[in-house]
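Notes follow once the structure below has been shown.
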Amino acid sequence: MSEAVDGVRSEEDVRALMRACHLRDLDREGIPMVLGLVDERGAIPRSTDASALAEGAAYRDRLERYHRELVPFAREGDEGALITAMQVVAYAHFEPGAAGAGPVAATPPADA
Amino acid sequence: MTRPTLDAATEQLASGHFIRVVNYHSTPRSGAESLERELVRYAELFAPVTLADLDRYVETGTWEHDRPGLIPVFYEGYRNSVDVAAPILDRLGLTGWFPIATSFVDCPPEHQEAFARSHWIALVEEDTRGGRIAMDWDEVGALSERHVILGHTAHHEGYDTVFTDEDLEREVAEPKRLIDAAIGRPTPGFVWLHGSSWGQHPRHDAAVRDAGYRYLFSNTMIHRIA
Numbered sequence: 001m002s003e004a005v006d007g008v009r010s011e012e013d014v015r016a017l018m019r020a021c022h023l024r025d026l027d028r029e030g031i032p033m034v035l036g037l038v039d040e041r042g043a044i045p046r047s048t049d050a051s052a053l054a055e056g057a058a059y060r061d062r063l064e065r066y067h068r069e070l071v072p073f074a075r076e077g078d079e080g081a082l083i084t085a086m087q088v089v090a091y092a093h094f095e096p097g098a099a100g101a102g103p104v105a106a107t108p109p110a111d112a
Numbered sequence: 001m002t003r004p005t006l007d008a009a010t011e012q013l014a015s016g017h018f019i020r021v022v023n024y025h026s027t028p029r030s031g032a033e034s035l036e037r038e039l040v041r042y043a044e045l046f047a048p049v050t051l052a053d054l055d056r057y058v059e060t061g062t063w064e065h066d067r068p069g070l071i072p073v074f075y076e077g078y079r080n081s082v083d084v085a086a087p088i089l090d091r092l093g094l095t096g097w098f099p100i101a102t103s104f105v106d107c108p109p110e111h112q113e114a115f116a117r118s119h120w121i122a123l124v125e126e127d128t129r130g131g132r133i134a135m136d137w138d139e140v141g142a143l144s145e146r147h148v149i150l151g152h153t154a155h156h157e158g159y160d161t162v163f164t165d166e167d168l169e170r171e172v173a174e175p176k177r178l179i180d181a182a183i184g185r186p187t188p189g190f191v192w193l194h195g196s197s198w199g200q201h202p203r204h205d206a207a208v209r210d211a212g213y214r215y216l217f218s219n220t221m222i223h224r225i226a
């Protein structure tokens, strides 16, 4: 999906998402995250669910872009920087099918 | 050993190995309506995740329900996790995952506010009106009948403040024994303060695994470790 179509056009748009994500009232709403799964005992079999693979690929693209635009300073293994980028991805693209779409807050505003 | 890198995260996503989590802390009664509104929306969109579901997902690599899974996580062991959040989860059929700092639960109620303020446990105004702030052990046991209890150290510590064998025993191993006794079965997982990942130091990894935990939850991934 092109940047013009998905509604996140510029680095400033991504930074605005990051600010909005961090300005929430966390007594009134949760912190959404899309976490990876890993088995330290051996490899997890690749998913056989085509929709999960497609959504995962969209999340991968989204995370690579937000990481590049938000935290270009990050060294390999900078956990805090990775979490910041992952938080913004989840904040704006949490609902099923939203990974490739424009930003939609994960939940309605607290006073909605 | 999987470190929290961009490459690791993108590979997990592209392999279809990911799950949605929503992290909560204090859930005061004054916020119950907005919490319920949020959880109602999640219950419409997502399937609950039991421990058996997570085990199966890691085993097969494929999520087998018709809707994606969602894990609501309620941190620290607040009393309002029991009084406010759990009844909503029960009404909606969601499975909550509750990492608890065991010394917060053990702390006498008159000292719990000071304990929280001393150990990075955030309080809201409603938590400071007097009375017990943390859940008690009977409530931990009752909560475990429908939900999942995880270890979250004793004193809400990060791996970077836990150095000695004595520290590891107090913050990693003893919390597991206390929780296991309260819930009548092994707790499956552990979370460090700040959600630090597996692989920060071999000594800390060994302490978590040797204590008998099967999962480490971090802020970037869920590690199956045993």
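Residue numbers (the working numbering), protein chains in the order written: chain A, 1 to 112; chain B, 1 to 226.
For glycine and all other residues, C-beta sits at the position ideal for the given N, C-alpha and C.
Measuring alpha carbon to alpha carbon, tell me which of B:Ser144, B:Ala116, B:His147 ends up nearest B:Ala235. No answer is possible for residue 235 of chain B: it lies beyond the span of chain B, which begins at 1 and ends at 226.
Which bits of chain A does B:Ile100 rub up against, with CB to CB less than 9 angstroms? By Cβ distance, chain A contributes nothing, its closest Cβ being about 17 angstroms from B:Ile100, past 9 angstroms.
Note down the Cα distance separating B:Glu145 from B:Leu94, rounded to an integer number of angstroms. Computed Cα separation, rounded: 13 angstroms.
DSSP state of B:Tyr57, grouped into three classes? Helix at B:Tyr57.
The segment 30-40 of chain A touching the segment 14-29 of chain B, judged by at least three CB pairs closer than 8 angstroms: These segments touch.
When you compare the CB positions of B:Ile88 and B:Val21, do they come within less than 8 angstroms of one another, or not? It is not a contact, given that the beta carbons lie outside the stated cut-off.
Any beta-carbon of chain B closer than 8 angstroms to the one on A:Leu63? Yes - at least one Cβ of chain B is within 8 angstroms of the one on A:Leu63.
Buried or exposed: where does A:Arg62 fall if 16 or more other Cβ atoms within 10 Å of its Cβ makes it buried? Taking a 10 Å sphere around the C-beta of A:Arg62, we find 16 or more other C-beta atoms and assign the residue as buried.
Can you pull the chain A residues whose beta carbon is under 7 angstroms from the beta carbon of B:Ser144, in chain order? Within chain A, no residue has its beta carbon less than 7 angstroms from that of B:Ser144; the closest one is some 21 angstroms off.
Counting pairs of Cβ atoms below 8 angstroms between the segment 1-8 of chain B and the segment 65-85 of chain A, do you hit three or more? Yes, they touch.
Does DSSP put B:Leu51 in a helix, a strand or coil? Helix at B:Leu51.
Sub-8 angstroms separation of B:Asn80 and A:Gly30 beta-carbons: Not a contact, by the Cβ cut-off of 8 angstroms.
Let's see if you can read the secondary structure: which residues bound the beta strand (DSSP E) around B:Ile100? 97-100 is the extent of the beta strand (DSSP E) around B:Ile100.
In terms of residues, what are the limits of the beta strand (DSSP E) holding B:Arg20? Per DSSP, B:Arg20 belongs to the beta strand (DSSP E) from 18-24.
Would you say B:Gly195 and B:Asn219 are within 8 angstroms of each other, going by their C-beta atoms? Inclusion of B:Gly195 and B:Asn219 in the CB contact set at 8 angstroms is warranted, their separation being smaller than that value.
Give a yes or no on whether the minimum CB-CB distance between B:Asn80 and chain A is below 8 angstroms. For B:Asn80, the answer is no, since every Cβ of chain A falls outside 8 angstroms of its Cβ.
C-alpha distance - B:Ser103 paired with A:Arg65, whole-angstrom precision: C-alpha separation (whole angstroms): 41 angstroms.
A:Phe73 classed as buried or exposed, judged by whether at least 16 other C-beta atoms fall within 10 angstroms: With fewer than 16 Cβ atoms within 10 Å of its Cβ, A:Phe73 is classed as exposed.
Buried or exposed by the 16-neighbour rule on C-beta atoms within 10 Å, applied to B:Asp138: Of the other Cβ atoms in all chains shown, fewer than 16 fall within 10 Å of the Cβ of B:Asp138; this residue is therefore exposed.
Own chain, CB closer than 8 angstroms to A:Val88, minus 5 neighbours either side, in chain order: In its chain, beyond the 5 residues on either side, Val14, Leu17, Met18, Cys21, Tyr66, Leu70 have a beta carbon closer than 8 angstroms to the beta carbon of A:Val88.
Taking all protein chains shown into account, do 16 or more other C-beta atoms lie within 10 angstroms of the C-beta of B:Gly69, making it buried, or fewer, making it exposed? Flag for B:Gly69 reads buried.
With 7 angstroms as the limit, tell me which residues of the segment 37-70 of chain A have their beta carbon closer than that to any beta carbon of chain B; keep them in chain order. Identification of residues in the segment 37-70 of chain A having a C-beta nearer than 7 angstroms to some C-beta of chain B yields Leu37, Val38, Asp39, Glu40, Arg41, Ile44, Pro45, Arg46, Ser47, Thr48, Asp49, Ala52, Leu53, Gly56, Ala57, Tyr59, Arg60, Leu63, Glu64, His67, given in sequence order.
B:Met135 versus B:His147 - alpha carbon distance: The straight-line gap from Cα to Cα measures roughly 14 angstroms.
Proximal residues of chain B, C-beta to C-beta of A:Pro96 below 8 angstroms: The contacting residues are Leu45, Phe46, Arg67, Pro68.
A:Val89 by DSSP, collapsed to three states: which one? In the structure shown, A:Val89 sits in a helix (DSSP, three-state: H, G or I).
State the beta-bridge partners of B:Ile149 as determined by DSSP. Note: B:Ile149 sits in a beta bridge opposite B:Phe98.
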